[in-house]
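Novice: Just so you know, the sequences run in chain order A and B. Every position in the first sequence, counted from 1, becomes a number in our numbering once 844 is added. Every position in the second sequence, counted from 1, becomes a number in our numbering once 844 is added. Every residue gets a Cβ at the ideal spot worked out from N, C-alpha and C, and that includes glycine. One structure follows; several queries about it will come next.
There are 2 protein chains.
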Amino acid sequence: MKVTHQSNLCHSCHLATSCFNISFESPHFSHLSQIIQKSIIVKKNEAVYYQQEKFRGLFTVKQGGVKTYLVSETGQQVVTGFYLPGEILGFDAVYSEHYIANAVSLTSSEICWISFADLLKLASENQTIQRELFKLFSYRLQSNHQKFHLNSEQKVAAFLLDYASRILKQTTSENDFYLLPTQQDIASYLNLTPETVSRTLHRFIDQEIFQSSQAKRIENLNCQKLREILER
Amino acid sequence: MKVTHQSNLCHSCHLATSCFNISFESPHFSHLSQIIQKSIIVKKNEAVYYQQEKFRGLFTVKQGGVKTYLVSETGQQVVTGFYLPGEILGFDAVYSEHYIANAVSLTSSEICWISFADLLKLASENQTIQRELFKLFSYRLQSNHQKFHLNSEQKVAAFLLDYASRILKQTTSENDFYLLPTQQDIASYLNLTPETVSRTLHRFIDQEIFQSSQAKRIENLNCQKLREILER
DNA sequence: CGATCTGTTGAACATAATCAAACTGCGTGG
DNA sequence: CCACGCAGTTTGATTATGTTCAACAGATCG
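See the structure below:
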């Protein structure tokens, strides 16, 4: 992990308004950007933090991508989430003050460190930031129940739609992008086997829902068709 | 919904320290109890709040129990959670400022209302309460991924263990209690069919994991055996 | 350039869903 | 107070979806 110091990390970041949903022009922005003063380069398969490690703050993805996964007592791994540029990870560690999952980089990534103590201090001094922070926590409480009661085809469709909408922050199109996680990661995340994910993706190609000229590449994704699959 | 006013709702509540995990003796307790000044009686099947209704604060269960459920565009209902005495609901509405799910009483319940605006104000003035509140949000982020990758027997076992540990706050034993939700509710919550839940519970009785002298009654629950099922 | 990780494909199998029918118990109204 | 109706539960037979197992192909990386 290589540490980089920059006086104005957020001001030079094209995702500046994304992490906390506070605009560049807002008077609150400069307060927030002051507590984000350090970024680290995390290479592929290197950890941002480890399960059970003591909480030492939140992290936000500036470039690249991160997956979180749990390891049970029996040694089984379950992928619990993917984090793309502009997204914050570590919220779930606030309760126990230890990280709940392992966080590992899916590619070489640039990760910004956020002191939670500083953030709390800032929040107690600034009502807008406090409210925005509670909203960020609240936002994470929403999802999850959807992907639970879907069949395998719908799970993969929902995953692609979600991923496409999130990757949109950094690229210009939600129809052409690279998948950072492997099919195994996706399978674990959706509670499916890699075989089922592979077969489902190939069925989508057969149905012309997307093309793929190379591994992990999604081209010309037809989001409307995916939404129709979800409505069945 | 019948509204009751009490000057010291929390001081007379045996769950006082449960909702916010702040002890009765703490100097912060009196601050918190000041913003909880009103409780309502919600009869069985009556709503505490409705999906999409504008956010008007958090609620905590003083007596009884509540279920939350989503209704999809296609009219399908999915139970997303159960709330027992001492537990707070409504956190997920903070983000969009609208309730995400319907919250309906499982039996005649007494529900305390918590002004979120007052709570935010209190949090910005009081570091301990602010931190405790963030912890409450964070706590809710943990679960969910477990029940996803279990088989039907393990899901029901995990549900019983969780329910037993939570009911323990109000009774003396985690081995004898009444289930507030119906088997249909439990099935929906676990993403199983009512048939599967019924068969699994009867298999547990056959295996002497618990007894049941009447409907919805769990007696002499063997938590150790349930944990063994989860470790398979 | 071999070794290892990732993805593909097919066949057999298992788990839980589905469908159907009957039963129980609870609350309601006659 | 009993009869009725209905929601919730039980039980069995059949079926479908996704898993498992196995073998191989392709990609990636030191």
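Looking only at its own chain, which residues have a Cβ that is under 6 Å from the Cβ of leucine 859(B), when we skip the five neighbours before and after it?
Specialist: Looking up residue 859(B) in the second sequence gives position 15. Excluding positions up to five away in sequence, the list reads Pro929 and Gly930.
Novice: So serine 1056(A) is in the alpha helix (DSSP H); what residue range does that whole segment cover?
Specialist: In the first sequence, counting from the first residue as 1, residue 1056(A) sits at position 212. First-last for serine 1056(A): undefined, no H or E at that position.
Novice: Suppose only complete runs of 4+ residues qualify. What are the alpha helix (DSSP H) ranges in the stretch 971-1018 of chain B, listed by chain order?
Specialist: Those alpha helix (DSSP H) runs which fall completely within the stretch 971-1018 of chain B and span 4+ residues are 971-984, 989-992 and 996-1011.
Novice: Can you tell me whether leucine 941(B) is buried or exposed, with buried defined as 16 or more other CB within 10 angstroms of its CB?
Specialist: Start at 1 with the first residue of the second sequence, and residue 941(B) comes out as number 97. Residue identity differs from the one stated: residue 941(B) is glutamate in this sequence, not leucine. Classification for glutamate 941(B): exposed.
Novice: Any C-beta of chain B sitting closer than 7 Å to the C-beta of valine 886(A)?
Specialist: Indexing the first sequence from 1 puts residue 886(A) at position 42. Cβ-Cβ to chain B under 7 Å: no for valine 886(A).
Novice: Please list, in chain order, all residues of the same chain as phenylalanine 1054(B) whose beta carbon is under 7 Å from its beta carbon, the five residues on each side excluded.
Specialist: Along the second sequence, read from residue 1 onward, the residue named residue 1054(B) stands at position 210. Phe1048, Ile1062, Glu1063, Asn1064, Leu1065 and Asn1066.
Novice: For my contact list, glycine 925(A) and phenylalanine 903(A) are in at a C-beta cut-off of 8 Å; report their separation, rounded to the angstrom.
Specialist: Within the first sequence, the letter at position 81 stands for residue 925(A). Within the first sequence, the letter at position 59 stands for residue 903(A). Actually they do not touch by this definition, with Cβ atoms about 13 Å apart.
Novice: Counting only Cβ-Cβ distances shorter than 7 Å, please list the residues of the stretch 979-1010 of chain B near chain A, keeping chain order.
Specialist: Under the 7 Å Cβ criterion, the stretch 979-1010 of chain B contributes Lys979, Phe981, Ser982, Tyr983, Arg984, Leu985, Gln986, Asn988, His989, Phe992 and His993.
Novice: Alpha carbon to alpha carbon, what distance is there between threonine 1040(A) and alanine 1031(A)?
Specialist: To locate residue 1031(A), count along the first sequence from 1; it is residue 187. To locate residue 1040(A), count along the first sequence from 1; it is residue 196. When rounded, the distance between both Cα atoms is 8 Å.
Novice: What does a CB cutoff of less than 6 Å around lysine 1069(B) pick up in its chain, not counting 5 residues either side in sequence?
Specialist: Taking the second sequence and counting its residues from 1, one reaches residue 1069(B) at position 225. Counting only Cβ-Cβ distances below 6 Å, and skipping sequence neighbours, we find Ile1053.
Novice: How is phenylalanine 873(A) classed by DSSP in three states: helix, strand or coil?
Specialist: In the first sequence, counting from the first residue as 1, residue 873(A) sits at position 29. Looking at phenylalanine 873(A) - three-state DSSP - the assignment turns out to be helix.
Novice: Based on DSSP bridge pairs, tell me the residues matched to histidine 942(A).
Specialist: Residue 942(A) sits at position 98 when you count from the first residue of the first sequence. DSSP lists Lys898(A) as partners of histidine 942(A).
Novice: In chain A, which residues lie with their C-beta within 7 Å of the C-beta of serine 968(B)?
Specialist: Reading the second sequence from its first residue, position 124 is the one you call residue 968(B). Chain A residues near serine 968(B): Ser968, Gln971 and Gln974.
Novice: Measure the C-alpha to C-alpha separation of glutamine 1014(B) and arginine 1071(A) and round it to an integer number of angstroms.
Specialist: Within the second sequence, residue 1014(B) is the residue found at index 170, counting from 1. Within the first sequence, residue 1071(A) is the residue found at index 227, counting from 1. Cα to Cα, the separation comes out at about 45 Å.
Novice: Once DSSP output is grouped into helix, strand and coil, what is the label at phenylalanine 1021(A)?
Specialist: In the first sequence, the residue the question calls residue 1021(A) occupies position 177. Correct three-state label for phenylalanine 1021(A): strand.
Novice: Please list the partners that isoleucine 944(A) has in chain B, where partner means a Cβ-to-Cβ separation under 7 Å.
Specialist: Indexing the first sequence from 1 puts residue 944(A) at position 100. Those within 7 Å of isoleucine 944(A) in chain B are Gln986.
Novice: Can you tell me whether threonine 918(A) is buried or exposed, with buried defined as 16 or more other CB within 10 angstroms of its CB?
Specialist: As a position in the first sequence, residue 918(A) is number 74, starting the count at 1. It is exposed - the Cβ of threonine 918(A) has fewer than 16 other Cβ atoms within 10 Å.
Novice: Apart from the five residues just before and just after isoleucine 1073(B), which ones in its own chain have a Cβ nearer than 8 Å to its Cβ?
Specialist: Taking the second sequence and counting its residues from 1, the one referred to as residue 1073(B) is at position 229. So the qualifying residues of the chain are Glu997, Gln998 and Ala1001.
Novice: Do valine 910(A) and serine 949(A) come within 7 Å of each other at the CB atom, strictly closer than that value?
Specialist: The count along the first sequence starts at 1 and reaches residue 949(A) at position 105. The count along the first sequence starts at 1 and reaches residue 910(A) at position 66. A contact, by the Cβ cut-off of 7 Å.
Novice: What are the boundary residues of the alpha helix (DSSP H) that isoleucine 958(B) is part of?
Specialist: Stepping through the second sequence from its first residue, residue 958(B) is reached at position 114. Per DSSP, isoleucine 958(B) belongs to no alpha helix (DSSP H); it is in the beta strand (DSSP E), 953-958.
Novice: When DSSP labels each residue in this structure, what does threonine 861(B) get in the three-state scheme?
Specialist: Against the second sequence, residue 861(B) aligns to sequence position 17. Looking at threonine 861(B) - three-state DSSP - the assignment turns out to be coil, as it is neither helix nor strand.
Novice: May I ask which residues mark the beginning and end of the beta strand (DSSP E) holding lysine 911(B)?
Specialist: In the second sequence, counting from the first residue as 1, residue 911(B) sits at position 67. Unbroken beta strand (DSSP E) run through lysine 911(B): 910-915.
Novice: Check serine 867(B) in the structure and name its three-state DSSP category.
Specialist: Against the second sequence, residue 867(B) aligns to sequence position 23. The answer is coil: DSSP assigns serine 867(B) none of H, G, I, E or B.
Novice: Count the other C-beta atoms from every protein chain shown that fall within 10 angstroms of the C-beta of arginine 1076(B), then say buried if there are 16 or more, exposed otherwise.
Specialist: Position 232 of the second sequence, counting from 1, holds the residue named residue 1076(B). Classification of arginine 1076(B): exposed, given that the 10 Å Cβ count is below 16.
Novice: Mind listing the chain B neighbours of leucine 902(A)? Cutoff is C-beta to C-beta under 7 Å, in chain order.
Specialist: As a working mapping, residue 902(A) is identified with position 58 in the first sequence. Within 7 Å Cβ-Cβ: nothing; leucine 902(A) doesn't reach chain B, min ~11 Å.
Novice: Between which two residues does the beta strand (DSSP E) containing lysine 882(B) stretch?
Specialist: Locating residue 882(B) in the second sequence gives position 38, where the first residue counts as 1. Here the beta strand (DSSP E) through lysine 882(B) covers 882-886.
Novice: Note down, in chain order, every chain A residue with its Cβ under 8 Å from the Cβ of threonine 918(B).
Specialist: What you label residue 918(B) is simply residue 74 of the second sequence in a count that begins at 1. Neighbours of threonine 918(B) on chain A, chain order: Glu1075.
Novice: What's the C-alpha gap between tyrosine 939(A) and glutamate 954(A)?
Specialist: Position 95 of the first sequence, counted from the start, is the residue given in the question as residue 939(A). Position 110 of the first sequence, counted from the start, is the residue given in the question as residue 954(A). In a straight line, the C-alpha of tyrosine 939(A) is about 26 Å away from that of glutamate 954(A).
Novice: Where does the unbroken alpha helix (DSSP H) through glutamine 1027(B) begin, and where does it stop?
Specialist: Within the second sequence, the letter at position 183 stands for residue 1027(B). 1027-1034 is the span of the alpha helix (DSSP H), which, as asked, contains glutamine 1027(B).
Novice: Can you pull the chain B residues whose beta carbon is under 9 Å from the beta carbon of valine 922(A), in chain order?
Specialist: As a first step, residue 922(A) is located in the first sequence; it is residue number 78 there, counting from the start. By Cβ distance, chain B contributes His989, Gln990, Phe992 and His993.
Novice: Taking the alpha carbon of threonine 1077(B) as the point to measure from, which residue in Ser1009(B), Glu890(B), Glu976(B) and Gln986(B) has its own alpha carbon closest?
Specialist: Nothing can be reported for residue 1077(B), as the shown portion of chain B is limited to 845 through 1076.
Novice: Determine the burial state of lysine 887(B): buried for a count of at least 16 other Cβ atoms within 10 Å of its Cβ, exposed for fewer.
Specialist: For this step, residue 887(B) is matched to residue 43 along the second sequence. Lysine 887(B) comes out exposed.
Novice: List, in chain order, every chain B residue whose beta-carbon is nearer than 7 Å to that of aspartate 936(A).
Specialist: Locating residue 936(A) in the first sequence gives position 92, counting from the first residue. What aspartate 936(A) touches in chain B: Ser982, Leu985 and Gln986.
Novice: How is threonine 1044(B) classed by DSSP in three states: helix, strand or coil?
Specialist: Looking up residue 1044(B) in the second sequence gives position 200. It is helical.
Novice: Using the three-state DSSP reduction, which class does glutamate 1063(A) fall into: helix, strand or coil?
Specialist: One-based indexing of the first sequence puts residue 1063(A) at position 219. Looking at glutamate 1063(A) - three-state DSSP - the assignment turns out to be strand.
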